[in-house]
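A.B. asks: Residue numbers for the sequence shown follow the numbering used here, beginning at 15 and rising by one.
My structure is below; once you've seen it, I'll send some questions.
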Amino acid sequence: MAIDPSGGGRDVAGVIGGWLGDDDRVYITHDVSLVGTSEQWSKAAVLLAAELDADTIVYEGNFGGDLNEVALKSAWEQARREHPTDKRYTRPMPRLKKTTAKKGKLLRAEPIAQQFILDKLRLGAHLPELVAEWTSWRPTDTDSPGRIDASVYLAYELLPMNNEPARVAAHPALAPGRAAGPVVGNPYLGTLPGMNTGRGGWAGGGNPYAR
């Protein structure tokens, strides 16, 4: 899973989860992004990491730096105290991996948009807010949507690019043979055929990790 922390609680903190299937495609399956404090997004991230049995949490360190790691570790310890018999929390905490954004959002997103086009990256669930960010964001926008960056970091971590070996983690809920879904697009990033906008999502609506 991957996180793009919010800037001072004003922007959406991107909290995105997914898997690399045994078909070498990355499936983005969870979006629990929210507007909130570091305590709130770190709690959401830890709950999602536990559900996914994630082995790695990638987070951007441009804003907050090492304080983001402190927030995540504190949230994990808090969850462990609250659920002392839950094996999802008593296991070792997922590896924390800090990444630093050295390029602009467009330059970071373009290679990942290409992976959608090549059908190496798909949505494995109904994630309308993530789709909306990918298809509506413009380089001239004053805001910085966190979902795009978090999904980009997730894809960079999982996709076997630059001759790096793939790290497969097949998930039983995925259907690797499913169609890529409707073609949607962004004039700056191109058409994105892997943006599957079919049915799914959270039962009852809302974000169960942001309560």
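Don't be surprised by glycine CBs; every beta carbon is placed ideally from N, CA and C.
Within 10 angstroms of its Cβ, does Lys101 collect 16 or more other Cβ (buried), or is it exposed?
C.D. replies: Result: exposed.
A.B. asks: Using CA coordinates, which residue listed in Val40, Gly35, Leu86 and Val72 is at the minimum distance from Ala58?
C.D. replies: The shortest Cα separation from Ala58 among Val40, Gly35, Leu86 and Val72 belongs to Leu86.
A.B. asks: Whose C-beta lies closer than 8 Å to the C-beta of Val40 among residues of the same chain, with five residues either side of it excluded?
C.D. replies: The residues are Gly32, Trp33, Leu34, Gln129, Lys134, Leu135, Arg136, Leu168, Ala169, Leu172 and Leu173.
A.B. asks: Relative to the C-alpha of Arg109, which candidate in Ala64, Ser150 and Ile162 has its C-alpha closest?
C.D. replies: Ranking Ala64, Ser150 and Ile162 by Cα distance to Arg109 puts Ala64 first.
A.B. asks: Nearest-angstrom Cα distance between Glu143 and Val72?
C.D. replies: The straight-line gap from Cα to Cα measures roughly 21 Å.
A.B. asks: Between which residues of its own chain and Ile126 is the CB-CB distance below 6 Å, once the five residues before and five after are set aside?
C.D. replies: The residues are Val166 and Ala169.
A.B. asks: Considering only the beta carbon of each residue, do Thr27 and Glu74 sit closer than 7 Å?
C.D. replies: The question names Thr, but residue 27 in the sequence shown is Ala. Contact flag unset, no.
A.B. asks: Would you identify the three-state DSSP class for Thr70, choosing helix, strand or coil?
C.D. replies: Here Thr70 sits in strand by DSSP.
A.B. asks: Expressed to the nearest angstrom, what Euclidean distance is found between the alpha-carbon atoms of Asp37 and Glu91?
C.D. replies: One C-alpha to the other measures close to 35 Å.
A.B. asks: Are the beta-carbon atoms belonging to Tyr89 and Ser56 less than 7 Å from one another?
C.D. replies: Note on identity: in this sequence residue 89 is Ala, with Tyr being the wrong assignment. Taking 7 Å as the Cβ cut-off, Ala89 and Ser56 qualify as a contacting pair.
A.B. asks: In whole angstroms, give me the CA-to-CA distance for Tyr202 and Thr99.
C.D. replies: Reliability of the predicted coordinates at Tyr202 is poor, the pLDDT of 42 falling under 50, and no value is obtained from them.
A.B. asks: Report the partner residues of Asp18 according to the DSSP bridge assignment.
C.D. replies: Answer is Gly28, bridged to Asp18.
A.B. asks: Once you ignore the five residues that flank Arg213 on each side, which residues in its own chain have a CB closer than 8 Å to its CB?
C.D. replies: Because Arg213 sits at a pLDDT of 37, beneath the cut-off of 50, its placement in the model cannot be relied upon, and the following sentence gives the value as read from the coordinates. Same-chain partners within the cutoff: His140.
A.B. asks: How many angstroms separate the CA atom of Thr51 from the CA atom of Ala146?
C.D. replies: So the alpha carbons of these two residues sit roughly 23 Å apart.
A.B. asks: On a CA-only basis, which of Val49, Lys112, Leu48 and Ala93 is nearest Thr70? Give me that one, please.
C.D. replies: Answer by Cα proximity: Lys112.
A.B. asks: In chain order, what residues of the same chain have a beta carbon less than 6 Å from the beta carbon of Ala93, not counting five sequence neighbours either side?
C.D. replies: Closer than 6 Å at the Cβ level, and outside the excluded window around Ala93, lie Val60 and Tyr103.
A.B. asks: Applying the 10 Å Cβ sphere with the 16-neighbour rule, what's the burial state of His97?
C.D. replies: Exposed: under 16 other Cβ atoms inside 10 Å.
A.B. asks: Just to confirm the assignment, what range does the alpha helix (DSSP H) spanning Leu168 have?
C.D. replies: Note, Leu168: alpha helix (DSSP H), Gly160 to Leu172.
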